[in-house]
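>
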Amino acid sequence: MDNTIKYLHLKHEEKNVYEIVYEIVEKYKSPLFTIKKIREIFPDLSLIEAKEIVVIATSEHKSLYDYQGSLLPDLEELDKLINEEKDKNKDQ
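Pasting the structure below:
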């Protein structure tokens, strides 16, 4: 699902929401701060919508759903690495 277009109508001072996200991230380097600032600039956005905008602007994902779906394989890999480390430590 590609929600990129869904937010293109959001503009502030002649910039679309993605341009604003790029500027905030470049300046502050914090996705959480960026979400907060986007909600200040566009107070009608929900927290979920602001998070989705930041995810779309700062990653290869095109929706929050896609982003969250990509987390499961990463968590499974992390669990595997932790278990391998535990097993290695038992053997020592």
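The opening position of the sequence shown corresponds to residue 1 in UniProt numbering, with each subsequent residue numbered one higher. We put the CB at the ideal spot given by N, CA and C, even for glycine.
Give the secondary structure of Lys36 by DSSP, where H, G and I count as helix, E and B as strand, and everything else as coil.
Counting from 1 along the sequence shown, the entry for residue 36 is found at position 36. Three-state result, Lys36: helix.
> Quick check on Lys80: does DSSP put it in helix, strand or coil?
Residue mapping note: residue 80 aligns to position 80 of the sequence shown, counting from 1. Note: Lys80 maps to helix in three-state DSSP.
> Give the secondary structure of Asn16 by DSSP, where H, G and I count as helix, E and B as strand, and everything else as coil.
The residue labelled residue 16 in the question sits at position 16 within the sequence shown. Here Asn16 sits in strand by DSSP.
> Roughly how many angstroms lie between the CA atoms of Met1 and Ile24, to the nearest whole one?
On the sequence shown, residue 1 is found 1 positions in, with the first residue counted as 1. On the sequence shown, residue 24 is found 24 positions in, with the first residue counted as 1. Near 25 Å, if we compare the C-alpha coordinates of Ile24 and Met1.
> Would Leu64 and Lys51 be called neighbours here (beta carbons separated by less than 8 Å)?
Counting from 1 along the sequence shown, the entry for residue 64 is found at position 64. Counting from 1 along the sequence shown, the entry for residue 51 is found at position 51. For Leu64 and Lys51, yes; Cβs fall inside 8 Å.
> Using a Cβ-Cβ cutoff of less than 7 Å, which residues in the same chain neighbour Tyr22 once the five nearest sequence positions on both sides are dropped?
As a first step, residue 22 is located in the sequence shown; it is residue number 22 there, counting from the start. Answer for Tyr22: Ala57, listed in chain order.
> Please state if the CB of Ile20 and the CB of Ile5 are separated by a distance shorter than 8 Å.
By 1-based counting over the sequence shown, the position of residue 5 is 5. By 1-based counting over the sequence shown, the position of residue 20 is 20. No, the pair does not count as a contact, with Cβ atoms beyond the cut-off.
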